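Residues 28 to 239 (my numbering) make up the sequence shown, in order.
Backbone N, C-alpha and C define an ideal beta-carbon position, used for all residues, glycine too.
Predicted, not measured: the structure shown is a model, and the values here were computed from it.
Worksheet for the structure shown next.
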Amino acid sequence: MIKRRTFCSFALPLTLSAHTAARAQENFVEGKHYLEVSPRQPTKDQKQVEVLEFFAYSCSHCHSFEPSLEAWLKKLPRDVLFRRIPVAFREDFVIHQQLYFALEGVGLVEKLHGKVFHAIHSEKQRLATTADIAAFAAKNGVDGKRLVETMNSFSVAGKVKQAKALAEGYKIEGTPSLGVDGRWLTSGSLAGTNPRSLLVVDHLIALAKKAR
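Below is the structure:
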């Protein structure tokens, strides 16, 4: 997990599948494995249970978490809405929030989201300027000019503002963190590891459905 102040964390090498069988026998405890969010935060669709991933492209633990998250998403029920919320703990990382929402706006999250992580953490590209991002886009067969224009759009500015409000509402102190239905928050530091936090999310989804 990358933290707001220290920008460091621990990440134990644990696969999601290693704990799947134990999930039914384990009781996740509020205050230990997850926290109640107060006040409750707004969700996009009240008919669905919402799960938010608070992430940062600069976070190496978010990058490492992606395979576990993607495997989990493939099994997500249709009545659960998943959204990614980019977080910027420093002003110079706001550009990465703009990048994610621009990718979302032009329908390129599936194609380029993972490649952004790869470029930053494996190829050591900072993607710290719009010129860097335009070059990255061109390298991956995307119109860099259009992507940058979308990043600078009024729509993306609004989404960045909303993301900041959600991060503040959930009291996000590190990434990756997972918010559930506006009510609860969990993370690798609470659950034990980042992959294990997904088991906590499954538990919270079940709680949210029972409460409806």
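Which first and last residues belong to the beta strand (DSSP E) in which residue i is found?
i: V78; result: 76-82
i: I160; result: I160 -> not in any beta strand (DSSP E); alpha helix (DSSP H) instead, spanning 157-166.
i: L108; result: 107-113
Let me check one thing: in DSSP terms, what residues is residue i bridge-paired to?
i: L212; result: L62, G206
i: E57; result: Y61
Under a Cβ-count criterion, where at least 16 other Cβ atoms within 10 Å of its own Cβ denotes burial, should residue i be classed as buried or exposed?
i: G134; result: exposed
i: D106; result: exposed
i: D119; result: exposed
i: Q124; result: buried
i: S224; result: buried
i: G209; result: buried
i: E80; result: buried
i: D229; result: buried
i: L100; result: exposed
What is the residue span of the alpha helix (DSSP H) that residue i lies within?
i: R223; result: 221-237
Less than 8 Å between the beta carbons of residue i and residue j, yes or no?
i: L154; j: A164; result: no
i: A115; j: M178; result: no
i: L139; j: V187; result: no
i: V175; j: T202; result: no
i: Y84; j: F144; result: yes
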